[in-house]
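Residue numbers (my numbering): 26 to 374. Data block below; observations after.
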């Protein structure tokens, strides 16, 4: 029985990717509960599983007393000394049980509880694996798309996850078999198992793409200070260099735009503005409104943060952007409420 049991554990570990230690912990607790239920006792059943020696044993732990009142949990000193000569009052002794001693009911219950233990181990393993990938990018294979919700079902490793429609970049289409990069926003433990939140629209997705594509960001020479994004349309990212000999924007773009083009391709052709971060709010705001030219920036308040920006009349539409997108992204990037005015003071149509 022991040999078959441990062979089964090895198979489960390989097929389901569950660590044997996690599996054994769940099964041990499950077996203890099953035996306790069958014997009608509580709290003094111990299951010991030694994976290295491939030994499996069940014990009832009894307290050594002078007068036995509860034979399920207590044993007399005389009886204890027959089993272990050095037994003392108040001590405990573990009495081994054979499989037949805890009956067919316990065996059946144990099988069911072991199945549940395996499920719990799977959930625990999944939670641990995905928690280690939080704020990282993983690659999934598209299995199918829900016709009603348009959510994608992705296979990541041996597990299936959902990428909701509102976490997909607008305009992107996928078909079964496609490889898709997704950002692990968070992993939350729940009663039904871990809840994995995946996204392609989260600003962290673009940030992580830059970290993976630009060595200077990965090694800390170039730092991403802020990022704002409207997925599928445009992203603004503010960077600075800790080395005066390294151009932060140039490093992100790469030779012949190789780096930035790879990132853009990975996010469905979304436009990206890379701007230079500055500790001077006026300089940072001016840079954030690129590609427009800014004539002046007047900081109106630090709490809440607000400013007035003047731009050449012919740059007004560019500064504001289509449906206010450029100004909106610049405001999120800098944290300032930006009031944009033409130099002439006349807005026209």
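Note that beta-carbon positions come from the ideal geometry of N, C-alpha and C, so glycine has one too.
Other residues of its chain near residue i: CB distance less than 7 Å, five sequence neighbours each side excluded
i           : result
residue 374 : Caution is warranted here: a pLDDT of 45 is assigned to residue 374, below 50, making its placement in the model unreliable, and the coordinate value is therefore given only provisionally. Around residue 374: no qualifying Cβ.
residue 163 : 181, 207, 209
residue 120 : 84, 85, 87
residue 165 : 179, 180, 181, 186, 205, 207
Within 8 Å, strictly: CB atoms of residue i and residue j
i           : j           : result
residue 291 : residue 158 : no
residue 315 : residue 309 : no
residue 85  : residue 122 : yes
residue 266 : residue 239 : no
residue 178 : residue 199 : no
residue 295 : residue 260 : yes
residue 212 : residue 150 : no
residue 186 : residue 143 : no
residue 197 : residue 293 : yes
residue 346 : residue 352 : yes
residue 76  : residue 45  : yes
Own chain residues within Cβ distance below 6 Å of residue i, not counting five before or after
i           : result
residue 321 : 335
residue 242 : 235, 236
residue 116 : 89
residue 344 : 314, 317, 336, 365
With 16 other Cβ atoms within 10 Å as the buried cut-off, status of residue i
i           : result
residue 47  : buried
residue 228 : buried
residue 342 : exposed
residue 254 : buried
residue 108 : exposed
residue 147 : buried
residue 354 : buried
residue 271 : exposed
residue 113 : exposed
residue 190 : exposed
residue 283 : exposed
residue 172 : exposed
residue 153 : exposed
residue 55  : buried
Cβ distance (whole Å) where residue i is taken to contact residue j below 8 Å
i           : j           : result
residue 194 : residue 169 : Residue 194 to residue 169, Cβ: 19 Å. No contact.
residue 118 : residue 140 : That belief does not hold up - the Cβ atoms of residue 118 and residue 140 are roughly 32 Å apart, past 8 Å.
residue 70  : residue 57  : 5 Å
residue 43  : residue 37  : 6 Å
residue 251 : residue 358 : 5 Å
residue 300 : residue 313 : 6 Å
residue 183 : residue 28  : Residue 183 to residue 28, Cβ: 26 Å. No contact.
residue 285 : residue 277 : 6 Å
residue 35  : residue 66  : The Cβ separation is near 32 Å, so there is no contact.
C-beta neighbour in chain B for residue i, strict 8 Å
i           : result
residue 111 : The chain inventory of the structure shown lacks chain B, comprising one protein chain alone.
Beta-carbon contacts of residue i that lie in its chain and below 8 Å, excluding the five residues immediately before and after
i           : result
residue 232 : 249, 252, 262
residue 101 : 89, 90, 91, 92, 93
heavy atom of the ligand MN below 7 Å from residue i C-beta
i           : result
residue 321 : The model depicted lacks the ligand MN and carries no ligand whatsoever.
Within the stretch 61–91, ranges of the beta strand (DSSP E) (whole runs, at least 3 residues): The beta strand (DSSP E) runs lying completely inside the stretch 61–91 and spanning 3 residues or more are 70–75, 80–90, given in chain order.
Residue ranges of each alpha helix (DSSP H) within the stretch 283–331, 4 or longer: Inside the stretch 283–331, DSSP marks whole alpha helix (DSSP H) runs of 4 or more residues at positions 283–291, 306–313, from first to last along the chain.
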